[in-house]
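Numbering (full-length UniProt numbering), first residue to last: 1 to 268.
Printed below as a string of structure tokens:
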């Protein structure tokens with residue numbers, strides 16, 4: 001068994017969103033794709049949204065790990081910015097966000113892996129089911145030999161978090177338990193799917209994600225509507241990227257559709 005060479009992280013630019021949010025132009029949060037590789041084989045964890053991003057990622061892989069065989073692509077969960085696993089959301093959400101043939105069609109269904117482990121050059125990559133985080137049925141990928149966790153959307157890195165589907169206290173409590181599970185693996189490196197470009201992939205991001213969830217939970221109880229909640233969270237975390245991501249959670253927390261974005265006056 002050869003030693004793992006390294007893990008590398010590609011971070012996208014922010015992809016412009018075609019519809020306005022809060023009456024303003026917006027862009028999607030930056031996304032990461034993680035390449036874990038040895039001397040001959042690799043696994044890519046999560047994929048980009050658009051064709052242009054995919055082409056950029058391919059070029060990056062060819063430069064980063066030339067002559068490496070991509071053995072697996074692993075998807076941490078079913079959100080469309082990782083892989084289009086849910087056809088009903090393509091028309092309702094993703095083609096509205098990114099029209100004009102930006103998203104590859106037709107989508108190919110991913111295969112369900114029938115185990116909780118796979119190997120790359122003899123090294124284990126362990127699939128850890130963590131339940132609900134920012135959506136249901138999420139996982140993290142743990143690589144023991146690197147003390148590394150690719151955390152998907154369980155962990156965020158200086159980016160405002162999505163609560164559009166973690167829209168109840170119970171679901172947000174599940175997310176906190178998912179963070180506990182991630183932390184219990186005792187990793188040295190934790191890679192967030194949404195992170196600030198240049199940000200360190202440190203274990204501290206587990207705690208900052210936890211603090212953000214707890215702050216949101218408190219803010220829901222202290223506010224009377226989506227606009228007030230949105231403003232409060234923005235003021236608490238001024239340094240985080242993409243404040244428009246708060247809108248989905250603010251709307252969902254008060255029983256509105258997280259995927260409908262309009263003028264402020266429609267949801268005060």
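Using N, Cα and C, we set each Cβ at its ideal position, and we do this for glycine too.
Model, not experiment: these values are computed from the prediction.
Going by other Cβ atoms of all chains shown within 10 Å of its Cβ, with 16 needed for buried, is residue i buried or exposed?
{"i": "residue 178", "result": "buried"}
{"i": "residue 30", "result": "buried"}
{"i": "residue 169", "result": "exposed"}
{"i": "residue 87", "result": "Bear in mind that the predicted position of residue 87 carries a pLDDT of just 48, short of 50, making it unreliable; the figure below should be weighed with that in mind. Burial call: exposed."}
{"i": "residue 58", "result": "exposed"}
{"i": "residue 133", "result": "buried"}
{"i": "residue 137", "result": "exposed"}
{"i": "residue 232", "result": "buried"}
{"i": "residue 247", "result": "buried"}
{"i": "residue 16", "result": "exposed"}
{"i": "residue 197", "result": "exposed"}
{"i": "residue 116", "result": "exposed"}
{"i": "residue 113", "result": "exposed"}
{"i": "residue 66", "result": "exposed"}
{"i": "residue 201", "result": "buried"}
{"i": "residue 13", "result": "exposed"}
{"i": "residue 6", "result": "exposed"}
Thinking just about the alpha-carbon of each residue, which of the options is nearest to the one in residue i?
{"i": "residue 120", "options": "140, 129 and 145", "result": "145"}
{"i": "residue 38", "options": "125, 242 and 51", "result": "125"}
{"i": "residue 142", "options": "69, 51, 130 and 12", "result": "130"}
{"i": "residue 160", "options": "6, 127, 205 and 139", "result": "205"}
{"i": "residue 183", "options": "216, 208 and 219", "result": "208"}
{"i": "residue 166", "options": "256, 224 and 222", "result": "256"}
{"i": "residue 254", "options": "216, 66 and 11", "result": "216"}
{"i": "residue 101", "options": "203, 176, 53 and 12", "result": "53"}
{"i": "residue 128", "options": "140, 122 and 135", "result": "140"}
{"i": "residue 199", "options": "238, 156, 223 and 72", "result": "156"}
{"i": "residue 27", "options": "258, 245 and 252", "result": "245"}
{"i": "residue 220", "options": "118, 72, 242 and 252", "result": "252"}
{"i": "residue 174", "options": "164, 71 and 154", "result": "154"}
{"i": "residue 180", "options": "203, 56 and 6", "result": "203"}
{"i": "residue 122", "options": "163, 172, 135 and 71", "result": "71"}
{"i": "residue 61", "options": "9, 19 and 163", "result": "9"}
{"i": "residue 77", "options": "56, 135 and 51", "result": "135"}
{"i": "residue 226", "options": "238, 258 and 242", "result": "258"}
With respect to the alpha helix (DSSP H) encompassing residue i, which residues constitute its N-terminal and C-terminal limits?
{"i": "residue 24", "result": "First-last for residue 24: 24-27, but that is the beta strand (DSSP E), not the alpha helix (DSSP H)."}
{"i": "residue 67", "result": "Segment: none, residue 67 is in no alpha helix (DSSP H) and carries neither H nor E."}
{"i": "residue 204", "result": "204-222"}
{"i": "residue 185", "result": "Looking at the DSSP string, residue 185 is not in any alpha helix (DSSP H), and its letter there is neither H nor E."}
{"i": "residue 247", "result": "245-253"}
{"i": "residue 111", "result": "No alpha helix (DSSP H) holds residue 111; DSSP gives it neither H nor E."}
{"i": "residue 148", "result": "Here residue 148 belongs to no alpha helix (DSSP H); instead the beta strand (DSSP E) covers 148-150."}
{"i": "residue 236", "result": "226-236"}
Below 8 angstroms on the Cβ atoms is my contact criterion, and I expect residue i with residue j to pass it. Report the Cβ-Cβ distance as a whole number of Å.
{"i": "residue 213", "j": "residue 148", "result": "That belief does not hold up - the Cβ atoms of residue 213 and residue 148 are roughly 23 angstroms apart, past 8 angstroms."}
{"i": "residue 250", "j": "residue 229", "result": "4 angstroms"}
{"i": "residue 210", "j": "residue 158", "result": "At roughly 14 angstroms, the Cβ-Cβ gap does not stay under 8 angstroms, so residue 210 and residue 158 are not in contact."}
{"i": "residue 69", "j": "residue 111", "result": "The Cβ separation is near 18 angstroms, so there is no contact."}
{"i": "residue 43", "j": "residue 49", "result": "Contact flag wrong, Cβ pair sits at about 20 angstroms."}
{"i": "residue 152", "j": "residue 193", "result": "5 angstroms"}
{"i": "residue 45", "j": "residue 150", "result": "4 angstroms"}
{"i": "residue 32", "j": "residue 73", "result": "14 angstroms between Cβ atoms; not a contact."}
{"i": "residue 269", "j": "residue 191", "result": "With the chain represented from 1 up to 268, any question about residue 269 goes unanswered, as that position is not in the structure."}
Need the endpoints of the beta strand (DSSP E) that residue i sits in, please.
{"i": "residue 131", "result": "123-131"}
{"i": "residue 154", "result": "Run containing residue 154: none; DSSP gives neither H nor E here."}
{"i": "residue 8", "result": "6-11"}
{"i": "residue 41", "result": "41-45"}
{"i": "residue 37", "result": "32-37"}
{"i": "residue 200", "result": "Counting along the chain, residue 200 falls outside any beta strand (DSSP E), and DSSP gives it neither H nor E."}
{"i": "residue 141", "result": "138-143"}
{"i": "residue 118", "result": "117-120"}
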